[in-house]
Amino acid sequence: MGNFSQIRNVAKYAARLGQSFSSSTETLNVGRHEIEIIPDVEVRHDGTQYVFSDGIGKISAEYARKVAIKCGHRDYTPSAFQIRYAGYKGVVAVDPTSSVKLSLRKSMLKYESDNTKLDVLAYSKFQRCFLNRELITLLSTLGVQDHIFEKKQREAVNELNAILTDSVRAQEALDLMSSGENTNILKELLICGYMPMDEPFLAMMLQTFRASKLLDLRLKARIFIPNGRLMMGCLDETRTLNYGQVFVQFSGTRFRHIFEDFIMYDGSEQRHIFEGKVVVAKNPCLHPGDMRVLRAVNVPALHHMVDCVVFPQKGPRPHPNECSGSDLDGDIYFVCWDNELIPPQQFQPMDYTPAPSMELDHDVTIEEVEEFFANYIVVNDSLGKIAHAQYSLCR
Numbered sequence: 021m022g023n024f025s026q027i028r029n030v031a032k033y034a035a036r037l038g039q040s041f042s043s044s045t046e047t048l049n050v051g052r053h054e055i056e057i058i059p060d061v062e063v064r065h066d067g068t069q070y071v072f073s074d075g076i077g078k079i080s081a082e083y084a085r086k087v088a089i090k091c092g093h094r095d096y097t098p099s100a101f102q103i104r105y106a107g108y109k110g111v112v113a114v115d116p117t118s119s120v121k122l123s124l125r126k127s128m129l130k131y132e133s134d135n136t137k138l139d140v141l142a143y144s145k146f147q148r149c150f151l152n153r154e155l156i157t158l159l160s161t162l163g164v165q166d167h168i169f170e171k172k173q174r175e176a177v178n179e180l181n182a183i184l185t186d187s188v189r190a191q192e193a194l195d196l197m198s199s200g201e202n203t204n205i206l207k208e209l210l211i212c213g214y215m216p217m218d219e220p221f222l223a224m225m226l227q228t229f230r231a232s233k234l235l236d237l238r239l240k241a242r243i244f245i246p247n248g249r250l251m252m253g254c255l256d257e258t259r260t261l262n263y264g265q266v267f268v269q270f271s272g273t274r275f276r277h278i279f280e281d282f283i284m285y286d287g288s289e290q291r292h293i294f295e296g297k298v299v300v301a302k303n304p305c306l307h308p309g310d311m312r313v314l315r316a317v318n319v320p321a322l323h324h325m326v327d328c329v330v331f332p333q334k335g336p337r338p339h340p341n342e343c344s345g346s347d348l349d350g351d352i353y354f355v356c357w358d359n360e361l362i363p364p365q366q367f368q369p370m371d372y373t374p375a376p377s378m379e380l381d382h383d384v385t386i387e388e389v390e391e392f393f394a395n396y397i398v399v400n401d402s403l404g405k406i407a408h409a410q411y412s413l414c415r
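Each residue of the sequence shown is one higher than the last, beginning at 21 in our numbering.
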């Protein structure tokens with residue numbers, strides 16, 4: 021697995037043990053002579069050291085193509101991969117100018133290991149965007165009117181009701197709101213001309229789909245937002261973006277009319293570049309300052325980045341850190357460009373500087389890991405109660 025002797029904190033030790041057992045796809049072997057170590061982007065502000073490049077490196081376009089093929093994608097290459105490699109963890113984003121297979125940073129190294137297999141845990145892709153209770157609470161706190169959420173909820177319910185009678189609306193809803201083998205079968209039936217009112221199996225499955233989405237809506241306030249995406253966070257390696265700016269390019273669906281009022285088309289049928297205000301957050305988010313209103317700009321040098329939100333490496337503090345204290349090692353961000361959901365107010369982001377960790381004066385033992393794990397289960401068993409208490413207080 022690796023050498024963990026330098027880790028004297030029990031929580032970190034347990035996390036590093038688990039790092040080797042992450043669910044992943046083994047791809048290619050990368051020799052140590054085929055990688056390079058590049059410096060982190062660090063800034064000190066008000067006595068706090070911030071790492072803008074925390075958890076992110078680079079991969080050459082040629083090697084990314086080979087990795088994508090090993091992951092089963094022959095028709096396209098993702099812009100970023102969440103990886104594990106020889107004790108390194110984090111994200112590598114495609115760099116068209118790089119000739120080195122992997123460019124890794126010190127912030128990605130968690131322990132020393134001789135393993136040279138590149139494992140892929142996730143990659144950038146089309147991911148649908150939904151509101152939830154936490155997001156609604158914070159948006160409401162920041163000045164978004166309640167009638168906007170009620171309107172979005174009505175639109176979602178109307179869309180779900182329409183799938184039972186309208187085959188085109190059914191295709192659209194399935195394409196936008198869900199994914200997976202079951203919905204793919206339903207899409208194929210609809211494309212082949214079967215009508216929801218005439219085919220019993222199709223009607224039953226659409227009713228089940230509708231009931232499931234309505235239940236999520238009622239219990240979790242899970243409201244589908246067409247003008248938004250969940251996106252993997254990446255760093256602007258070109259140093260073009262300024263503080264307060266992001267680059268947002270997303271892959272679309274065949275139902276383009278939803279986005280026509282908001283999107284600048286780049287000539288492709290599948291890629292859309294957005295320019296304007298966006299609200300960015302990282303779940304879970306409980307503090308009003310966790311929601312950041314940023315400006316998406318068009319940067320030609322970043323056109324290869326699709327289904328990622330690209331943050332600047334300039335400014336007093338990294339925007340990912342402002343969003344619930346997150347980083348760029350694979351975190352997924354809520355990115356919304358719906359004008360009605362852009363909050364008119366902003367709060368100062370919370371200070372997420374971690375407390376000093378407790379270091380042992382001896383090597384961590386497996387008994388100490390077992391004790392930590394048992395305590396961890398007990399503490400996390402209370403998180404649901406805490407979340408419900410916070411929600412009740414906000415109401």
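Virtual Cβ for every residue (Gly too), placed ideally from N, Cα, C.
As the structure is a computational prediction, the values presented were derived from the model and not from experiment.
By the Cβ-count criterion, cysteine 212 is exposed, with fewer than 16 other Cβ atoms from all chains shown falling within 10 Å of its own Cβ. DSSP places isoleucine 76 within a strand segment (E or B) once states are collapsed to three. Sequence-distant partners of alanine 182 (beyond 5 residues in either direction) whose C-beta falls short of 7 Å from its own C-beta, in its chain, are Arg189.
Bridge partners of phenylalanine 244 according to DSSP: Phe150. The C-beta of lysine 405 has fewer than 16 other C-beta atoms within 10 Å across all chains shown, which makes the residue exposed. Non-local beta-carbon contacts of alanine 193 in its own chain, meaning distances under 6 Å to residues more than five positions away in sequence, involve Glu179, Ile183 in chain order. Distance from the CA of cysteine 356 to the CA of histidine 339, rounded to the nearest whole angstrom, comes to 15 Å. With a threshold of 16 other beta carbon atoms within 10 Å, methionine 378 falls short and is exposed.
In the DSSP assignment, arginine 85 falls within the unbroken alpha helix (DSSP H) covering 81-90. Using a Cβ distance threshold of 8 Å, valine 30 and valine 398 do not count as a contacting pair. In this structure, isoleucine 79 lies away from lysine 172, with their beta-carbon atoms at least 8 Å apart.
Between valine 87 and threonine 117, the C-beta gap is not smaller than 8 Å, which leaves the two residues out of contact. The region 96-103 makes no contact with the region 56-71; the number of CB pairs closer than 8 Å stays below 3. For alanine 301, the three-state secondary structure derived from DSSP is strand. Inside the region 344-411, DSSP marks whole alpha helix (DSSP H) runs of 4 or more residues at positions 386-400, from first to last along the chain.
In the structure shown, lysine 145 falls within a coil segment according to DSSP collapsed to helix, strand and coil. In this structure, DSSP gives leucine 322 a helical state, which the three-state scheme calls helix. For leucine 380, the number of other beta carbons within 10 angstroms of its own is below 16, and it is reported as exposed. In this structure valine 111 does not touch aspartate 256 by the C-beta definition: roughly 14 Å separates them, more than the 8 Å allowed. The continuous beta strand (DSSP E) containing histidine 292 extends over residues 291-294. The region 310-322 makes contact with the region 292-301: 3 or more CB pairs, one atom from each, lie closer than 8 Å. By the Cβ criterion, the region 157-165 is in contact with the region 351-371, since at least three pairs of Cβ atoms, one from each stretch, lie closer than 8 Å.
Between phenylalanine 354 and leucine 250, the gap from beta carbon to beta carbon is short of 8 Å. Leaving aside the five residues that flank lysine 334 on each side, the residues in its chain whose CB is nearer than 6 Å to its CB run, in chain order, Asn262, Tyr263. Take the alpha-carbon of phenylalanine 72 and the one of leucine 209: they are about 47 Å apart. 8 Å or more divides the Cβ of arginine 125 from the Cβ of isoleucine 205.
Its chain contains Val112, Val140, Tyr143 as the residues whose beta carbon lies nearer than 6 Å to that of phenylalanine 101, once the 5 sequence neighbours on both sides are disregarded; these appear in chain order. In the structure shown, the three-state DSSP call for isoleucine 205 is helix. Residues Lys302, Pro340 of the same chain have their beta carbon placed closer than 7 Å to that of serine 346, with the five preceding and five following residues left out of the count. Distances from the alpha-carbon of glycine 253 to those of Met325, Arg291, Val317, Gly92 put Met325 closest.
Here valine 61 carries a coil assignment [DSSP, helix/strand/coil]. Aspartate 327 has its alpha-carbon roughly 15 Å from the corresponding atom of valine 319. Here serine 271 carries a strand assignment [DSSP, helix/strand/coil]. Between the C-alpha atoms of glycine 75 and isoleucine 168 there is a straight-line separation of about 37 Å.
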